[in-house]
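Numbered according to the numbering used here, the sequence shown terminates at residue 1370, and the numbering increases by one at each position without gaps. Following: one structure in structure tokens, then a few remarks.
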Amino acid sequence: MTRKILVLPGDGIGPEITAQASRVLAACQARGLDVEVEEAPVGGTAYDRHGTPLPESTLERARAADAVLLGAVGGPQWDSIEDISKRPEKGLLGLRKELGLFGNLRPALLYPQLAEASSLKPELVAGLDIMIVRELTGGIYFGQPRGIEERDSQRVGFNTYVYSEAEIERIGRVAFEMAQKRGKRLCSVDKANVLEVTMLWREVMERLAPEYPDVELTHMYVDNAAMQLVRAPKQFDVVVTGNMFGDILSDAAAMLTGSIGMLPSASLNESGQGMYEPCHGSAPDIAGQGLANPLATILSVAMMLRYSLGENALAERIEAAVGQVLDDGLRTADIAPQDGPYVSTVEIGDAVLAALEAS
Ligand code: IPM
Ligand code: MG
């Protein structure tokens, strides 16, 4: 059966990096992967063309797809849009919510070739392999009420941090199952010393634990987790946390691996449909200059093959091709040593394709 993949290039460096990922997909097609690939607009680019960051036609095609590959959204030219429901980020958040993509997997894996590029000492990060499981469709990102309004003649801004037991339980199960497949250690990150919503979070995680007796569950406050991530990151195997804490901690974890330009992600719903995207943003400052690192997006294709299409062997081939390119010493600017030589977005894409061909 031909499966459908929808590519959403988005804004900033999005089109450049998804172009390289699409070439990798095409190479997989040439090797017999039976998929149909189409593209649609999202984010600021969609706003400019259609007056909304998530056109109905894009959403419909995303719903019909087996998997979605997204570049990045956002840029300074759209920051002044008054109606926040029209901002590019709402395109991304709308897709997550509408497709029910509650389970966000963000692996922070250090390629040994890049140990020198990490902001931490090589011995602290050698062998680093963390999986952050971030809840993606709830928490303070989506809680109601929210807004900015006038109270007692001054403006106040407010958001609501809310999780139901059911929401906590389903992300908890994703994390426990992930831990079972990996190092069997799960650290749940909360702020249960202050916030009731995360007291409930901790309680639900504790309640689930006996169902996964082979997994060791620990808890950590988010401030401590941020510190531990930069102090001794190898203590972590799987981390599970809510939407906002996961957003913050995954950026920090990304930097440990040398560059956020290396980190893919998967966002899954209950039926295994997924959206795949690099963890980094649209980097408008370097857009259009061939400086962007497409490897996170290419590795997101590998995650797509693994989690939505059941093509593990092909996924491993792509990951090996990326490893090969790094072994060969090729670096984009973000992972190159200071003042060291670097190659362009397309050149590193060429090299991944060549390594894939040779494999
Ligand atoms: C991410 C991004 C998004 C988020 C933004 C672009 C809305 O930072 O995927 O981590 O906060 O979730
Ligand atoms: Mg983020």
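The beta-carbon is built from N, C-alpha and C at its ideal position, and this holds for glycine as well. Quick caveat, the model's predicted, so the values are computed rather than measured.
beta-carbon residue i near the ligand MG non-hydrogen atom, thresh 7 Å
i	result
V1258	Correcting the residue type first, residue 1258 is Asp in the shown sequence and not Val. Checking every heavy atom of the ligand MG against the Cβ of D1258, one is found closer than 7 Å.
D1262	yes
Identity of the residues DSSP links to residue i by a beta bridge
i	result
I1141	A1119
C1290	For C1290, which the question treats as bridged, DSSP gives no partner whatsoever.
V1046	R1014
Residue i to residue j span [Cα, whole Å]
i	j	result
P969	I1024	Residue 969 is absent from the model: the chain starts at 1012 and stops at 1370.
L1325	G1351	32 Å
V1363	V1035	8 Å
L1211	A1186	17 Å
A1243	N1280	32 Å
G963	G1114	This structure does not reach residue 963, given that the chain is present from 1012 up to 1370, and the question cannot be answered.
L1009	I1159	For the chain, the structure presents residues 1012 to 1370; residue 1009 sits outside this window and is missing.
L1267	T1229	22 Å
R1157	E1358	45 Å
L1104	L1302	27 Å
R1193	L1106	29 Å
M1315	V1053	19 Å
P1066	E1127	43 Å
V1336	R1181	38 Å
Closer than 7 Å: residue i CB and nearest the ligand IPM heavy atom
i	result
V1084	yes
L1219	no
G1054	no
C1198	no
E1394	Because the chain spans 1012 through 1370 in this model, residue 1394 falls outside it and cannot be assessed.
E1146	no
L1116	no
L1104	yes
C1039	no
E1227	no
G982	For residue 982 there is no data in the structure shown, the boundaries of the chain being 1012 and 1370.
G1292	yes
E1207	no
Residues near residue i by beta carbon distance below 6 Å, same chain, minus five either side
i	result
N1304	G1272, T1343, D1345
S1355	G1301
A989	Shown here, the chain extends from 1012 to 1370; a query on residue 989 therefore has no answer.
Contacts around residue i, its chain only, beta-carbon distance under 8 Å, and the 5 residues preceding and following it disregarded
i	result
D1338	Q1124
D1290	The residue asked about is misnamed: residue 1290 is Cys in this sequence, not Asp. Cβ neighbours of C1290 beyond the five flanking positions: R1117, S1261, D1262, A1265, I1271, L1274, P1275, S1276, A1307.
Q1031	P1305, T1308, I1309, T1356, V1357, I1359, G1360, V1363
A1038	L1364, L1367, E1368
S1311	A1032, L1080, P1275, S1276, A1277, Y1287, E1288, P1289
Own chain partners of residue i with C-beta closer than 7 Å, once the 5 adjacent residues on each side are dropped
i	result
K1202	T1209, Y1232, V1233
(message) Quick check: the region 1090–1097 against the region 1051–1069, are at least 3 beta-carbon pairs closer than 8 Å?
(response) yes
(request) Would you be able to state if there are at least three C-beta pairs under 8 Å between the region 1216–1223 and the region 1175–1190? (result) yes
(message) Using a Cβ distance threshold of 8 Å, determine whether the region 1160–1180 contacts the region 1131–1142, with at least three qualifying pairs required.
(response) no
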